[in-house]
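Taken in order, the sequence shown gives residues -28 to -1, 1 to 146; the numbers are from mature numbering (1 follows the signal peptide of the UniProt record, and there is no 0). Note that the Cβ used here is the ideal one computed from N, Cα and C, for glycine as well.
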Amino acid sequence: MNKRQTYRGAFLSVVLLASLAFSGSVIAAKPVGPDLTDKLRGLLVKEMVEIEAAMQETYSAIIQGRHDEVAQKGQAIHDSFILEQSLTEQDEQDLKAVVPQEFLQMDEHFHQLSASLAEAGKRQDTQAQVDTFNRMTESCVACHSRYVTDRFEGLEDQSFPMSWGQKADEVNEQ
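Below is the structure:
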């Protein structure tokens, strides 16, 4: 290998690494669970268990064309929104002190998507149901891979598109 080929190979390696670094992928952040109060951790775990069960039931309802059930489950997921629950002022302060703003934005976006899923169910729009359900799944994976890698080790060191879990206008701002 001559000198020119060596430099060219090194240059291409640097370009490849730089492009990967700036490709719009997101790497995991620090897990938030260990820093939460016991009450907040319990509420979040309860919410996640309820959402996972509703998502599994929603999947079955979508593929079987049970639009009313899709609407009901989408609304139930929306209504589980932790910040809409009866948190004390201190709980809200504790939550905001521990979790990054992006976590709260992702949670809000997920619940907005679930409201859209409920609407798609009411309209009996299967394509919109599938599209919205997929975006909700992307949101779950994005959040878990960034903030819950202590519980979901299989998502640690994964890289996902920056758009997963965020509104389009939030991605454009970053």
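Point to revise | Proximity to M134 [Cα-Cα], best of G46, M27, E110 and E19 | key: E110
Review point. Mapping DSSP to helix, strand and coil, what is P6?
Key: helix
Review point. By how many angstroms is the C-alpha of G137 removed from the C-alpha of M108?
Key: 8 Å
Practice item. Note down the Cα distance separating R123 from R95, rounded to an integer number of angstroms. Key: 37 Å
Review point. What runs of the alpha helix (DSSP H), each 4 residues or longer, lie entirely inside the segment 65 to 139?
Key: 73 to 94 and 98 to 119
Review point. Is Q28 helix, strand or coil when you go by DSSP?
Key: helix
Practice item. Give the range of the alpha helix (DSSP H) segment to which Q47 is assigned. Key: H39 to D51
Exercise for review: Quick one: residues in its chain with C-beta nearer than 6 Å to the C-beta of K139, no 5 flanking neighbours on either side, listed in chain order?
Suggested key: H81
Exercise for review: Could you work out which residue in V113, E29 and D63 is closest to D7 when comparing CA atoms only?
Suggested key: D63
Review point. Does the distance from the CB of H39 to the CB of T98 come in under 9 Å?
Key: yes
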